[in-house]
Amino acid sequence: MGSRAADQNPDFDAFALDDLINVPRRTAARAIGIPEDRLREWETRGLLRPRVLTENGTRRITSYSLDDLVQGRVIRILEDRHKIHIRQITRIVEEYRAYSEKPLSQLVWGVSENHIYLQFPDGGWVDGHEPGQGVMVEVIDLDEIRADSRRAIQRPEADRGKIEKRRGVQHSVPVFVGTRTPLEAVHSFLKRGATTEDILEAYPHLTAEDIDLARDLLTTAS
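Just so you know, the numbering used here puts 87 at position 28 of the sequence shown, and the rest follows in order with no gaps.
#1: Using DSSP's beta-bridge definition, name the partner residues of Gln178.
#2: Would Leu185 be called buried (16 or more neighbouring beta carbons within 10 Å of its own) or exposed?
#3: How many angstroms separate the CA atom of Arg99 from the CA atom of Val236?
#4: Would you mind sorting Ser208 into buried or exposed? The rule is 16 or more other CB atoms within 10 Å of its CB.
#5: Which partner residues does Val194 have in the DSSP bridge list?
#6: Would you mind working out which of Arg251, Gly193 and Pro215 sits nearest Asp269, comparing C-alpha positions?
#7: Alpha carbon to alpha carbon, how far is Leu272 from Thr254?
#8: Output the distance between the C-alpha atoms of Val167 and Lys161, rounded to the nearest integer angstrom.
#9: How would you label Val111, buried or exposed, when you count the other beta carbons within 10 angstroms and need 16 or more for buried?
#10: I need the straight-line Cα distance from Glu172 to Val194, nearest angstrom please.
#11: Any idea what DSSP makes of Glu160, helix, strand or coil?
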């Protein structure tokens with residue numbers, strides 16, 4: 060994500076980029092596979108705690124990390140696939156925050172019928188509560204969910220190399236489609252002689268096509 064090699068392979072250097080992933084609510088809901096209203100409900104319940112940023116000291120922006128996306132997908136699997144009620148999920152998460160700050164993404168979740176088992180990454184069972192002999196437990200694969208979440212936030216190819224003006228986004232200045240990054244931010248880099256690689260390091264969610272477009276527009280304007 061954000062370089063030619065990454066564009067060809069969505070998992071290229073994925074772990075190095077994980078901490079840089081921050082997406083708006085609309086993108087987060089799409090990546091998790093739920094409506095935005097449902098995502099807001101989970102936040103109200105305290106299941107997800109995304110960052111709330113301010114722009115120019117006034118406008119509030121909710122930003123979701125990769126870890127938030129993983130937690131959201133675990134909730135959706137528990138609710139939709141295993142029919143675990145959201146109140147039960149909330150109760151368990153609140154209880155086990157004593158063991159882990161983010162139990163939905165830092166503990167291993169196993170489900171047998173409507174019963175939930177939690178396991179530490181080292182294999183030990185939380186509270187020593189483990190499935191009995193012969194009990195079949197379906198374990199939620201966090202590594203697979205994390206990889207799927209990375210791929211889900213990749214910008215569609217049709218959005219790359221395009222700009223738009225959207226109401227409420229950076230005061231309606233031109234931004235790259237599917238992002239909050241203003242065109243002028245990239246122009247500032249180009250005017251200082253930055254290379255495509257320099258800019259992609261600063262904005263890993265952009266692509267080489269975005270930088271090429273910005274360069275062409277800057278040349279046309281000069």
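For every residue, glycine included, the Cβ atom is placed at its ideal position computed from N, Cα and C.
Since the structure is predicted, the reported quantities are computational estimates derived from the model, not experimental observations.
Reading off the structure:
#1: Val167 and Trp184
#2: Per the sequence shown, residue 185 should be read as Val rather than Leu. So Val185 ends up on the buried side.
#3: 24 Å
#4: buried
#5: Note: Val194 sits in no beta bridge, so no partner.
#6: Pro215
#7: 14 Å
#8: 11 Å
#9: exposed
#10: 10 Å
#11: coil
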